[in-house]
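Since the structure comes first, as structure tokens, the remarks are kept for the end.
Protein chains: 2
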Amino acid sequence: MTFDTTPALPRGFRCASRNVGLKPEAKDLALFVSDVDCAAAALFTRNQFPGAPVILGRETIKAGVLRAVVVNSKVSNVATGEAGVQFARRMAAAAASEIGTEAGKVLVSSTGVIGVPLPIEKIETGIQGMAAELGTDPMPGAYGIMTTDTHPKALSARVGGATITWIAKGAGMIEPNMATMLVYIFTDAQFDAATLDAMLRRAVEVSFNMLSIDTDTSTSDTCALLANGLAGAVDATAFEATLTAGCIRMAQTIARDGEGAKHLITVTVRGAKTTPEARTIAKSVVNSPLVKTMVAGADPNVGRLLMAIGKCFDVTIDRSKTDAWINGYPVVVGGTRGTFDDAVVRATLSAEVVTIEIALAVGSGEATAFGCDLTEGYIQENAAYYSS
Amino acid sequence: MTFDTTPALPRGFRCASRNVGLKPEAKDLALFVSDVDCAAAALFTRNQFPGAPVILGRETIKAGVLRAVVVNSKVSNVATGEAGVQFARRMAAAAASEIGTEAGKVLVSSTGVIGVPLPIEKIETGIQGMAAELGTDPMPGAYGIMTTDTHPKALSARVGGATITWIAKGAGMIEPNMATMLVYIFTDAQFDAATLDAMLRRAVEVSFNMLSIDTDTSTSDTCALLANGLAGAVDATAFEATLTAGCIRMAQTIARDGEGAKHLITVTVRGAKTTPEARTIAKSVVNSPLVKTMVAGADPNVGRLLMAIGKCFDVTIDRSKTDAWINGYPVVVGGTRGTFDDAVVRATLSAEVVTIEIALAVGSGEATAFGCDLTEGYIQENAAYYSS
Numbered sequence: 008m009t010f011d012t013t014p015a016l017p018r019g020f021r022c023a024s025r026n027v028g029l030k031p032e033a034k035d036l037a038l039f040v041s042d043v044d045c046a047a048a049a050l051f052t053r054n055q056f057p058g059a060p061v062i063l064g065r066e067t068i069k070a071g072v073l074r075a076v077v078v079n080s081k082v083s084n085v086a087t088g089e090a091g092v093q094f095a096r097r098m099a100a101a102a103a104s105e106i107g108t109e110a111g112k113v114l115v116s117s118t119g120v121i122g123v124p125l126p127i128e129k130i131e132t133g134i135q136g137m138a139a140e141l142g143t144d145p146m147p148g149a150y151g152i153m154t155t156d157t158h159p160k161a162l163s164a165r166v167g168g169a170t171i172t173w174i175a176k177g178a179g180m181i182e183p184n185m186a187t188m189l190v191y192i193f194t195d196a197q198f199d200a201a202t203l204d205a206m207l208r209r210a211v212e213v214s215f216n217m218l219s220i221d222t223d224t225s226t227s228d229t230c231a232l233l234a235n236g237l238a239g240a241v242d243a244t245a246f247e248a249t250l251t252a253g254c255i256r257m258a259q260t261i262a263r264d265g266e267g268a269k270h271l272i273t274v275t276v277r278g279a280k281t282t283p284e285a286r287t288i289a290k291s292v293v294n295s296p297l298v299k300t301m302v303a304g305a306d307p308n309v310g311r312l313l314m315a316i317g318k319c320f321d322v323t324i325d326r327s328k329t330d331a332w333i334n335g336y337p338v339v340v341g342g343t344r345g346t347f348d349d350a351v352v353r354a355t356l357s358a359e360v361v362t363i364e365i366a367l368a369v370g371s372g373e374a375t376a377f378g379c380d381l382t383e384g385y386i387q388e389n390a391a392y393y394s395s
Numbered sequence: 008m009t010f011d012t013t014p015a016l017p018r019g020f021r022c023a024s025r026n027v028g029l030k031p032e033a034k035d036l037a038l039f040v041s042d043v044d045c046a047a048a049a050l051f052t053r054n055q056f057p058g059a060p061v062i063l064g065r066e067t068i069k070a071g072v073l074r075a076v077v078v079n080s081k082v083s084n085v086a087t088g089e090a091g092v093q094f095a096r097r098m099a100a101a102a103a104s105e106i107g108t109e110a111g112k113v114l115v116s117s118t119g120v121i122g123v124p125l126p127i128e129k130i131e132t133g134i135q136g137m138a139a140e141l142g143t144d145p146m147p148g149a150y151g152i153m154t155t156d157t158h159p160k161a162l163s164a165r166v167g168g169a170t171i172t173w174i175a176k177g178a179g180m181i182e183p184n185m186a187t188m189l190v191y192i193f194t195d196a197q198f199d200a201a202t203l204d205a206m207l208r209r210a211v212e213v214s215f216n217m218l219s220i221d222t223d224t225s226t227s228d229t230c231a232l233l234a235n236g237l238a239g240a241v242d243a244t245a246f247e248a249t250l251t252a253g254c255i256r257m258a259q260t261i262a263r264d265g266e267g268a269k270h271l272i273t274v275t276v277r278g279a280k281t282t283p284e285a286r287t288i289a290k291s292v293v294n295s296p297l298v299k300t301m302v303a304g305a306d307p308n309v310g311r312l313l314m315a316i317g318k319c320f321d322v323t324i325d326r327s328k329t330d331a332w333i334n335g336y337p338v339v340v341g342g343t344r345g346t347f348d349d350a351v352v353r354a355t356l357s358a359e360v361v362t363i364e365i366a367l368a369v370g371s372g373e374a375t376a377f378g379c380d381l382t383e384g385y386i387q388e389n390a391a392y393y394s395s
């Protein structure tokens with residue numbers, strides 16, 4: 008799979024972003040628009056305190072038709088009650104009015120501080136005239152949705168005659184378990200909403216749902232897929248393979264840019280009794296603070312690895328059959344410490360990508376989880392972050 | 008309940024500790040002995056890679072009789088295969104020989120680095136002559152089992168004519184979910200092993216099993232209760248109340264001394280549908296990295312609190328009925344941000360103990376969890392900790 012490092016939006020999609028006064032200077036409002044109606048699917052956070060845009064979004068996506076996505080950063084419009092949902096509706100209406108469509112075809116997202124009223128007037132005023140600024144470069148949109156990300160995240164790939172473009176933000180409060188942070192996927196391929204929904208669910212299951220920065224599940228996680236059909240029909244199998252590969256690639260990009268992170272950690276579990284058990288163990292290892300600090304400290308700590316596998320109480324493990332590798336070196340053989348040169352493995356741990364593989368030999372379940380190391384940078388960023 | 012801040016061992020118990028060469032200078036071997044056989048119960052880690060001493064301990068405790076406990080720090084004897092279990096047996100035999108009893112009446116614990124062979128010869132040689140050093144002061148024992156603890160942990164209370172004394176170590180890799188780190192409870196009250204086992208399980212359920220430093224479950228967690236009966240019979244209800252209160256007090260002490268911690272965080276959930284649901288939510292909040300860094304940063308972040316409650320997907324929550332307090336201030340009312348003075352709550356967050364209360368109003372389940380803040384000190388300690 009080849010991904011474009013200078014991505015473009017698929018034909019018929021345009022975007023823009025502006026500062027409308029929510030942040031001091033940076034872009035805080037992004038608008039993504041298709042020239043024609045799109046078949047669409049979306050997945051949202053499972054958090055039981057979802058933001059107002061998520062409550063509205065679940066209603067909006069039922070029809071399976073979207074024309075635009077409007078996103079603000081800085082204020083998440085979460086824990087704002089019924090007034091918050093009304094503000095989200097006004098935000099959809101403002102975007103719809105600006106581009107000439109109905110509010111019911113606009114997906115709204117908000118990200119940022121929780122429990123603060125959305126400055127809706129600033130958004131309603133600030134969005135006016137944005138339609139004239141819409142362009143085919145996805146980067147203004149990617150910049151417009153950033154919060155604590157250190158860089159904008161966009162990616163393109165070709166499949167048949169069509170293009171898929173992913174635009175995302177990540178950084179913290181990330182263990183999606185349904186969708187993820189904010190990810191918008193645009194394509195000019197032609198599929199109906201039900202097909203998009205099924206493909207998106209399968210792709211998210213092995214990508215964003217296997218990603219964890221800090222085990223904290225955001226109240227705003229949203230992943231939407233919009234297909235405007237302008238490139239016509241595309242082979243579904245090839246499309247889904249590319250869609251999935253791009254979602255995995257974007258999950259890795261988000262993990263690598265986790266708050267304070269210096270390393271992408273990839274944990275693959277093979278030979279588990281079932282796939283759910285493989286997922287449980289992969290997530291346990293990628294989330295363990297002691298494994299995360301071990302990677303930050305570049306120490307091949309066999310004990311912490313076994314601890315993080317073993318603290319999954321309800322999965323099948325045969326200690327004497329358990330093997331594990333760090334960056335390809337056999338650190339665990341048959342449940343005990345393998346023979347390896349500490350200094351050599353320690354040296355490989357300074358690489359940007361750290362790969363942990365675990366073979367359980369009790370079945371054929373397999374899963375891969377994506378995460379990052381835990382550094383003082385995470386603490387600094389989150390202990391210094393003020394909610395108001 | 009009054010606890011003695013200058014604790015003593017109950018009558019008939021003595022202890023000692025030594026440096027036998029596992030650590031450069033600090034004490035690394037502790038021995039706790041009763042003059043007569045004790046009825047005993049013990050709970051161990053649920054981690055699926057238990058240490059050799061835990062494997063042996065489960066066998067030892069079956070008879071319900073203990074005469075001594077021997078503990079080394081620095082090397083945990085985990086992931087050491089069958090040889091590790093043989094070394095644990097030799098450690099029990101060495102202690103038994105030193106004090107004149109059978110190896111089957113000696114509980115062995117080891118704590119420290121995983122995956123390294125236990126230097127059993129140093130222990131066998133170093134323990135010789137320790138019987139002559141046994142004294143009634145518990146502090147040498149408490150010092151002898153420390154790893155990254157910043158202070159020794161011991162506590163006494165009187166119940167009827169008897170004494171209960173708790174000696175513990177904690178600090179990291181702590182989310183017990185069965186027993187906890189290393190906790191030894193000695194009493195001269197008289198109970199049979201089955202009664203002790205039942206009382207210990209109930210006490211641990213609301214104390215050490217509700218404690219979490221970092222969600223990581225150690226491979227060595229052990230909590231043992233030894234009763235030598237020298238004070239005769241004691242009212243069981245009064246005894247269990249004191250036992251439970253002391254376990255809660257010790258859990259708080261361990262949480263407060265979590266690696267890098269500056270605050271004890273107590274999370275109480277009331278009005279949950281069931282007690283297990285209350286436990287799930289209390290643990291989710293006390294374990295959330297974003298809540299932990301919020302306390303470290305002294306910020307009353309309502310959003311993070313709601314996020315941490317809401318990420319419990321499978322519990323019953325009625326958003327409009329959910330209230331929460333930080334240090335007594337109503338930060339959440341009916342699922343949205345309450346009215347409170349940010350600066351005032353922020354000032355109270357600098358106190359050593361931070362209390363979070365959550366009322367769900369959907370049932371009568373109640374639970375309290377104990378944890379600590381997440382600071383740069385945790386990262387420094389654990390990224391710098393080398394496994395060999």
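Each protein sequence line maps, in turn, to chains G and E. Take the first sequence: its letter number 307 is residue 314 in my numbering, and every next letter is one higher. Take the second sequence: its letter number 117 is residue 124 in my numbering, and every next letter is one higher. Glycine included, C-beta positions come from ideal geometry on N, C-alpha and C.
Notebook entry, point to check: Mind checking whether Pro296(G) and Val338(G) have CB atoms under 8 Å apart?
Noted result: no
Next item on the list: Give the DSSP-derived three-state secondary structure of Ser24(E) in the structure shown.
Entry: strand
Checklist line | Per-residue contacts from Ser225(E) into chain G (C-beta, under 9 Å) | finding: Met314 and Lys318
Next item on the list: Establish whether the CB of Gln197(E) and some CB of chain G are separated by less than 8 Å.
Entry: no
Margin query: Counting only Cβ pairs nearer than 7 Å, list the residues of chain E close to Ala86(G).
Written below: Val309, Gly310, Leu313, Gly342, Thr343 and Arg344
Notebook entry, point to check: Using the beta-carbon of each residue, which ones in chain G are nearer than 7 Å to Asn54(E)?
Noted result: Met314, Gly317 and Lys318
Next item on the list: Keeping to the same chain, check which residues put their C-beta closer than 7 Å to that of Lys318(E); ignore five residues upstream and five downstream.
Entry: Ser291
Next item on the list: Would you check if the distance between the CB atom of Ala279(G) and the CB atom of Glu373(G) is smaller than 8 Å?
Entry: Yes.
Notebook entry, point to check: Who pairs with Pro60(E) in a beta bridge, going by DSSP?
Noted result: Residue pairing by DSSP places Pro60(E) in no beta bridge whatsoever.
Notebook entry, point to check: Ile386(E) and Leu381(G): beta carbons closer than 8 Å?
Noted result: yes
Margin query: I'd like to know if the region 68-79 of chain G and the region 100-113 of chain G are in contact, where contact means that at least 3 CB-CB pairs between them fall below 8 Å.
Written below: A contact exists between the region 68-79 of chain G and the region 100-113 of chain G.
Item checked: Among Gly91(G), Pro124(G), Val72(G) and Phe347(G), the one whose alpha carbon lies nearest that of Val61(G) -> Gly91(G)
Notebook entry, point to check: Cβ of Leu203(E) less than 8 Å from any chain G Cβ?
Noted result: no
Next item on the list: Report yes or no: is there a C-beta of chain G within less than 8 Å of the C-beta of Ile363(E)?
Entry: no
Checklist line | Candidates Ala354(E), Leu313(E), Ser371(E) and Asp321(E): closest to Gly345(E) by CA position | finding: Leu313(E)
Next item on the list: Mind checking which residues open and close the beta strand (DSSP E) that includes Ile171(E)?
Entry: Ala169 to Lys176
Note to self: Quick check: does the Cβ of Phe347(G) come within less than 7 Å of any heavy atom belonging to the ligand NAP?
What the structure shows: The ligand NAP is not part of the structure shown, which contains no ligands of any sort.
Notebook entry, point to check: Using a C-beta cutoff of 8 Å, does Ala376(E) count as contacting chain G?
Noted result: no
Notebook entry, point to check: Does the beta carbon of Val78(G) sit closer than 8 Å to a beta carbon anywhere in chain E?
Noted result: no
Checklist line | Extent of the continuous beta strand (DSSP E) to which Glu373(E) belongs | finding: Gly372 to Cys379
Margin query: Report the CB separation of Thr226(G) from Asn54(G) in whole angstroms; it is logged as a contact under 8 Å.
Written below: 5 Å
Notebook entry, point to check: Considering only residues of the same chain and omitting the five flanking positions on each side of Ala262(G), which have a CB-CB separation below 6 Å?
Noted result: Leu218, Leu271, Phe377, Gly378 and Cys379
Notebook entry, point to check: Applying the criterion that 16 or more other CB atoms from any shown protein chain within 10 Å of the CB defines a buried residue, is Arg311(G) buried or exposed?
Noted result: buried
Check: According to the neighbour-count rule (16 or more other Cβ atoms, all chains shown, within 10 Å of its Cβ), is Arg65(E) buried or exposed?
Finding: exposed
Next item on the list: Could you pull the start and end residues of the beta strand (DSSP E) that Asp349(G) belongs to?
Entry: Here Asp349(G) belongs to no beta strand (DSSP E); instead the alpha helix (DSSP H) covers Asp349 to Thr355.
Item checked: Contacts that Ala268(E) makes with chain G (C-beta to C-beta distance below 9 Å) -> Near Ala268(E) there are no residues of chain G at all, since even the closest Cβ is about 12 Å away, more than 9 Å.
Note to self: So, under 8 Å CB-CB, Trp173(G) and Leu162(G) are touching, yes? Tell me the CB distance rounded to an integer number of Å.
What the structure shows: 4 Å
Notebook entry, point to check: Looking at the C-beta of Glu383(E), does it have a partner C-beta in chain G at a distance below 8 Å?
Noted result: So, interface residue.
Check: Looking only at its own chain, which residues have a Cβ that is under 8 Å from the Cβ of Val351(E), when we skip the five neighbours before and after it?
Finding: Tyr336
Check: Count the other CB atoms within 10 Å of the CB of Asp242(G); is the residue buried (16 or more) or exposed (fewer)?
Finding: Asp242(G) is exposed by the Cβ-count criterion.
Next item on the list: Return the Cβ separation of Met137(G) and Arg25(G) in integer angstroms, given the expectation that the two are a contact with Cβ distance under 8 Å.
Entry: 6 Å
Item checked: Through-space distance from Asn216(E) to Thr52(E), alpha-carbon basis -> 10 Å
Note to self: Less than 8 Å between CB atoms is the rule here; does Thr355(G) satisfy it with respect to chain E?
What the structure shows: no
Check: Closer than 8 Å, CB to CB, is Ile386(G) near chain E or not?
Finding: For Ile386(G), the answer is yes, since a Cβ of chain E falls inside 8 Å of its Cβ.
Notebook entry, point to check: Given that Val120(G) touches chain E, what residues does it touch there, using C-beta distances under 7 Å?
Noted result: Gly310
Check: Which of the three DSSP states, helix, strand or coil, is assigned to Ile384(E)?
Finding: In the sequence as displayed, the identity of residue 384(E) is Gly instead of Ile. In the structure shown, Gly384(E) sits in a helix (DSSP, three-state: H, G or I).
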